[in-house]
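Asks: Chains as they are written, first to last, in the numbering used here: chain V, 144 to 300; chain R, 476 to 1135; chain H, 13 to 205. A virtual CB, placed ideally from N, CA and C, is assigned to each residue, including glycine. Take a look at the following structure, please.
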Amino acid sequence: MKRLRLAAGLLTLLLQVAPAFAVSDPSELLSNPAMEARAEAIGSHLRCLVCQNESIEASDAGLARDIRAIIRQQVVAGRTDKQITAYMVQRYGSFILLEPPFEPLTVLLWGSPVIALLLGAMIALLAFRRQRREAATIAPAPLSPAEKARLEALLRS
Amino acid sequence: MIPELGHFAIALAVVIALSQAIISIWGAHRGDARFIAAAPALALSQAMAVGFAFLALVWSGIVSDFSVINVAEYSSARTPLLYKITGAWGNHEGSILLWCLILSFCGAAVAVFGRNLPSALRARVIGVLGLVSCGFLLFTLTVSDPLGRIWPPPSEGQGVNPLLQDPGLAFHPPILYSGYVGFAVAFAFAVASLLEGRVDAAWGRWVRPWTLGAWCLLTSGIALGSWWSYYELGWGGYWFWDPVENASLLPWLTGTALLHSAIVVEKREALKIWSVLLAITTFSLSLAGTFMVRSGLLNSVHAFANDPTRGVFILALLGLVIGGSLLLFAWRAPVLQPAGLFAPLSREGALVLNNILLCSIMAVVLAGTMYPPFVQLIFDQQISVGPPFFISTVVPLAAPLMAAMGLGPVLSWKRAAVAPALLRLWWAALASLIVVLVGFYGRLGWAAVGFGAALWMVLSALAEIVERSQLFRQPIGTAWARLRGLPRASYGAAVAHAGLGVAVAGMVGMTLASHSIVLLHPGDTTKVGNYDWRLVSLTSGAGSDFTARIATLAVTDARTGQAIATMYPARRTFPLQQQTTTDVAIRTNGFRDLYAALGDERDGGIVLRIHVNPLAPWIWFGALIMAFGGALSLSDRRLRIGAPVRLARRRAADMKVAAE
Amino acid sequence: MSAQVPQKSVLGRRLLLGAPLAVLALVGGGWALMLRRMAGGNFDPHSLPSQLIGKKVPDFSLPGLDGGVAMTGAELQNPGRPMLVNFFASWCVPCLEDAPMLNKLAKNGLPIWGITYKDKQADTQRFLSQNGNPYARIAVDQPGRVAIDWGVYGVPETYLIDAAGLVHWRFAGALTQRVVDEDLTPLLRRIGA
């Protein structure tokens, strides 16, 4: 029961319990499609802070709705994508960015594809060289008596 | 009484699992035939004990015994029967018991279907499975009791989470877990072979069907989960790149790699050490996924209620199982015999490339999933890693994989030349190129490349079959005979590759989706995609434990005015759970989905989220084709392994008849 | 059967193939540390650090509750003595739990200014009459925009401001005796209440 209460407490801590990933207020959509597309692109790169793993655009939480509205106001006011993103980071930190910026802290993260590929290539190269070297010198292991018997049985049948 | 019996059965299972581990492994080590022979019986009895405990939990749910905490918390008298049953695994404790059940069934399956294995190897495999089982059963018994009681029992349960009241999700966990846990068999084979100190072609042949079976189930499980997310959550997408989803993707990636490297072991006795490591890694990732989901270390949309005590227990279990196997690996793998020389440019080489790329994707997904908690631990900073990161890192790695996928199967073993292989695929390459150019002309941008890649995968898979049957080159009769003579494994591989192509086409199609969020009053019309959507009416309804608001939407073709569909998206309110869910309406014609989800009601109108998703159903259809391809390949193996046995038995029976 | 492989290379390869084990040890150790700190309350993957720490209170201007005195950022940027700013709402359940502790702190002489978040003024009045009013001043943030400028992501949230208007501490959720004893009181002592 304690576990339940804890979960309930966590839930109510959130500004607004978002039961389903539903729909937002249409009145906040911009009538200019190019601007709306820009606003959506910005919003889909920002994290909804209340619901943990969704973008601002996908979430129906109250805070996400407010931030969506702010993005649209700023798009209309002619601010650049960078300025709008910086505005959000200033308030909520880089935690709000679903795509972490490339900085010393994230070198390993952004470098992970290259590191993995290099590591894979290195392992393959080493294995190829070893295979060359050893395959020539090593004879196959002798069969155990039991295996010999099985082999003979197989050959006979 | 029944829950207590179930509880007792778990305790019994712990003892059986422990003896299964000790007797089998020690017996195999000493070569004691009696102990070795005891292994299958122990595995079967463990499965029966766990099966009884699981039935006890399901039974408590069916009869709504609210004195069982789990039933009281996750079920209610008004819950439909189906969800009373599936509620058994809709919570942490029950799902761990399901996990144990599947693990014990894996052991039983090896006992039953592994008759053709050398008995010592089979005993070792069963022993290793018993050891893992024992750990998880102990976890169930000590800190995660699914059959605990409360007193006094509440008169009514709290009900199933409405989001989980869905046939798709009800059967998602059993299938997904079967995939996850199924890799335990490949793991057990790896550890057994390390204990034995030998890995050979036969090992590759034995481990492959088990891996393939688990892979098919995991593929279906992931597809089912993503489909559920698409039609139940009402957000219009199908994959969050959420830690919980990534946790299932990680073993899938290495499992797919293992599937391919095991072919090389079987056919060429190469990549042995690597395959053993992959088998260990795949199951380790399954275990790590369980840990990540249940420890509360990750931010996720669908996490279980978490508890640090449990986290510590699972982590310790993880350390023992994975650490033990990796220690054994470091100790024993260096003395495994290398064999099977091949040139970098060959079928084996292509499979090595497949493995490098798949493992790189795995590394990236793992890095993206684990980076935030580790950054917080070490630097005390909060960062997020979300879909934009995964898309921009995984796609560049997946692209060469798709390109090589078509080429690999037509390369010859040992040493190959690219030019003749390409020559055989020229028509597939040309067709794909045309699609890309047409796509660019139609201003599809990158999606054009995606469609080209998808077509390339499908056509090159087809080309391989054509090539091997020498269709169009030999007289039709000969070609037909060759087609029939091709092993099912070849068809399976081609079907699975083509299935991935279909799924990729669906994913690319989804990037071209058009959507809109509008406030409509009854009678209003809006245009999304090439369709007019008219809200006809807004009505109320009720189900067994919910009330609903239902919209009636008439969809017509915007140009011709022809009626396309009538759709009924709804919004359900569950008073008991105080929760609201959207009931998405989807109408598909196989090439595009019309998708409508209901939002809040506002001054007489209602907010609607409307999507037109081109090719969306292909994503799941493609995944199903992949799983079917795997199953096709599996049926081939079973025949090949089973045939001599059955033949011998029939011959013996014939002789018996003759003797009489 | 290992006789055919030279002994020296076996040792080297054992070390090489021990690499996965080393990776596991690192990751597992990290996880164990996280779990330990999580149990000790020093590690919360769901927490969100405030960007205001070490910075001045942002500029804003909000109307007072029921036509009371308006609240501005300028006042909080130089309050002259340490104080708390508390974002709350009558509809929020943890705010109910928060109220007794705030009342206690106010009684002990710590000034607390409240900002209501997306709340109807009548509801706020009822909430205050039922749960006590620890606030020296209350402003109303009906659209919730000032809260976003502060980086608020849930209510209740409590900010500690020093005499010069620098934010020293932010706590999300209901204050407990433990939080007050272990975090707030030492901080207050340090910034010279």
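The beta strand (DSSP E) with TYR165 (chain H) in it runs from where to where?
Replies: Per DSSP, TYR165 (chain H) belongs to no beta strand (DSSP E) and is neither H nor E.
Asks: Hey, quick one: how far does the alpha helix (DSSP H) through SER550 (chain R) stretch, first residue to last?
Replies: It is not in any alpha helix (DSSP H) - SER550 (chain R) carries neither H nor E in the DSSP assignment.
Asks: To the nearest angstrom, report how far apart LEU147 (chain H) and TRP626 (chain R) are at their CA atoms.
Replies: According to the sequence displayed, residue 147 (chain H) carries Tyr and not Leu. Cα to Cα, TYR147 (chain H) sits roughly 44 Å from TRP626 (chain R).
Asks: Chain H partners of SER770 (chain R), CB-CB under 9 Å?
Replies: Under the 9 Å cutoff, chain H gives TRP43, MET46, LEU47, MET50.
Asks: By the three-class DSSP mapping on this structure, what secondary structure does SER99 (chain V) have?
Replies: Residue 99 (chain V) falls outside the range modelled here, since chain V spans only 144 to 300, and no answer is possible.
Asks: 7 Å is my cut-off, CB to CB: does GLY40 (chain H) come that close to chain R?
Replies: At least one chain R Cβ lies under 7 Å of GLY40 (chain H).
Asks: Note down the Cα distance separating ALA922 (chain R) from VAL983 (chain R), rounded to an integer number of angstroms.
Replies: Looking at the two C-alpha atoms, the distance is approximately 6 Å.
Asks: Is there contact here, the segment 497-504 of chain R with the segment 588-604 of chain R, by at least three beta-carbon pairs under 8 Å?
Replies: A contact exists between the segment 497-504 of chain R and the segment 588-604 of chain R.
Asks: Considering only the beta carbon of each residue, do THR170 (chain H) and VAL152 (chain H) sit closer than 7 Å?
Replies: The answer is no: Cβ separation not under 7 Å.
Asks: Return no unless some Cβ of chain R is closer than 7 Å to the Cβ of ASP195 (chain H).
Replies: For ASP195 (chain H), the answer is no, since every Cβ of chain R falls outside 7 Å of its Cβ.
Asks: Tell me whether the beta-carbon of ARG680 (chain R) lies closer than 7 Å to the beta-carbon of GLU741 (chain R).
Replies: Yes; because the gap between Cβ atoms is below 7 Å, this pair is in contact.
Asks: Do SER935 (chain R) and GLY881 (chain R) have their CB atoms nearer than 7 Å?
Replies: Yes, they are a contact pair.
Asks: Cα-Cα, which of R:VAL1087, R:PHE1096, R:LEU1107 is closest to TRP710 (chain R)?
Replies: TRP710 (chain R) has its Cα closest to that of R:VAL1087, out of R:VAL1087, R:PHE1096, R:LEU1107.
Asks: My guess is that LEU772 (chain R) and PRO848 (chain R) are in contact by the Cβ rule of under 8 Å, so how many angstroms apart are they, rounded?
Replies: Right, the Cβ-Cβ distance comes to about 5 Å (below 8 Å), so this counts as a contact.
Asks: Kindly say whether TYR171 (chain H), judged by its beta-carbon, lies nearer than 7 Å to any beta-carbon of chain V.
Replies: No, no contact with chain V.
Asks: Following the continuous alpha helix (DSSP H) through HIS482 (chain R), name the residue where it begins and the one where it ends.
Replies: Start and end: 477-505.
Asks: Can you confirm whether the segment 1040-1054 of chain R touches the segment 1071-1079 of chain R when touching is taken to mean that 3 or more C-beta pairs between the two stretches lie within less than 8 Å?
Replies: Touching, yes.
Asks: Which one or two residues does DSSP pair with SER991 (chain R) in a beta bridge?
Replies: Note: SER991 (chain R) sits in a beta bridge opposite R:ILE1085.
Asks: Using a cut-off of 9 Å between C-beta atoms, extract the partners of THR986 (chain R) located in chain V.
Replies: Ordered by position in chain V, no residue passes the 9 Å Cβ test against THR986 (chain R), which lies about 12 Å from the chain.
Asks: State the start and end residues of the unbroken beta strand (DSSP E) segment that holds ASP1068 (chain R).
Replies: 1067-1077 is the span of the beta strand (DSSP E), which, as asked, contains ASP1068 (chain R).
Asks: Is it true that the CB of PHE99 (chain H) sits closer than 7 Å to the CB of ALA184 (chain H)?
Replies: No; because the gap between Cβ atoms is not below 7 Å, this pair is not in contact.
Asks: Of all the CB atoms in chain H, is at least one closer than 7 Å to the CB of LEU192 (chain V)?
Replies: Interface residue, yes.
Asks: Taking LEU793 (chain R) as the query, report the chain H residues whose CB atoms sit under 8 Å from its CB, ordered along the chain.
Replies: Neighbours of LEU793 (chain R) on chain H, chain order: GLY40.
Asks: Counting Cβ pairs, one atom from each stretch, are 3 or more of them under 8 Å apart for the segment 706-720 of chain R and the segment 664-671 of chain R?
Replies: No, the segment 706-720 of chain R is not in contact with the segment 664-671 of chain R.
Asks: Counting only beta-carbon separations shorter than 7 Å, does THR259 (chain V) have a partner in chain R?
Replies: The residue asked about is misnamed: residue 259 (chain V) is Ala in this sequence, not Thr. At least one chain R Cβ lies under 7 Å of ALA259 (chain V).
Asks: I'd like to know whether the C-beta atoms of GLY80 (chain H) and TYR235 (chain V) end up nearer to each other than 7 Å.
Replies: It is not a contact, given that the beta carbons lie outside the stated cut-off.
Asks: Return the residue from the list H:LEU199, H:LEU196, H:LEU187 that minimises the CA-CA distance to PRO106 (chain H).
Replies: Cα-wise, what sits closest to PRO106 (chain H) is H:LEU187.
Asks: Taking only beta-carbon atoms, is GLN142 (chain H) less than 7 Å away from chain V?
Replies: It does not: the Cβ of GLN142 (chain H) has no partner Cβ on chain V nearer than 7 Å.
Asks: Between which residues of its own chain and LEU573 (chain R) is the CB-CB distance below 8 Å, once the five residues before and five after are set aside?
Replies: Excluding sequence neighbours, LEU573 (chain R) sits near PHE529, ALA563, TRP564, PRO648, PRO649, TYR652.
Asks: Taking DSSP as the reference, what is the three-state secondary structure of LEU1114 (chain R)?
Replies: In this prediction, LEU1114 (chain R) has a pLDDT of 48, which is less than 50 and means its spatial position is unreliable; what the coordinates show is noted afterwards. Reduced to three states, the DSSP call for LEU1114 (chain R) is helix.
Asks: What do you get for LEU886 (chain R), buried or exposed, if any count of 16 or more other CB atoms within 10 angstroms of its CB means buried?
Replies: Buried, because 16 or more other Cβ atoms sit within 10 Å of the Cβ of LEU886 (chain R).
Asks: Which bits of chain H does GLY236 (chain V) rub up against, with CB to CB less than 7 Å?
Replies: The contacting residues are PRO61, GLN63.
Asks: Look at the alpha carbon of LEU826 (chain R) and the alpha carbon of ARG743 (chain R), and state the distance between them as a whole number of angstroms.
Replies: Distance between the alpha carbons of LEU826 (chain R) and ARG743 (chain R) is about 12 Å.
Asks: Hey, ASP1020 (chain R) and THR554 (chain R) are a contact pair by Cβ (cut 8 Å); roughly how many whole angstroms apart?
Replies: Right, their Cβ atoms sit about 7 Å apart.
Asks: Across the segment 1081-1095 of chain R and the segment 1002-1014 of chain R, are there enough close Cβ pairs to call them in contact, namely three or more that are closer than 8 Å?
Replies: Yes, the segment 1081-1095 of chain R touches the segment 1002-1014 of chain R.
Asks: Using the rule of at least 16 other Cβ atoms within 10 Å of the residue's Cβ for burial, across every protein chain shown, is ASP71 (chain H) buried or exposed?
Replies: Exposed, since its Cβ has fewer than 16 Cβ neighbours within 10 Å.
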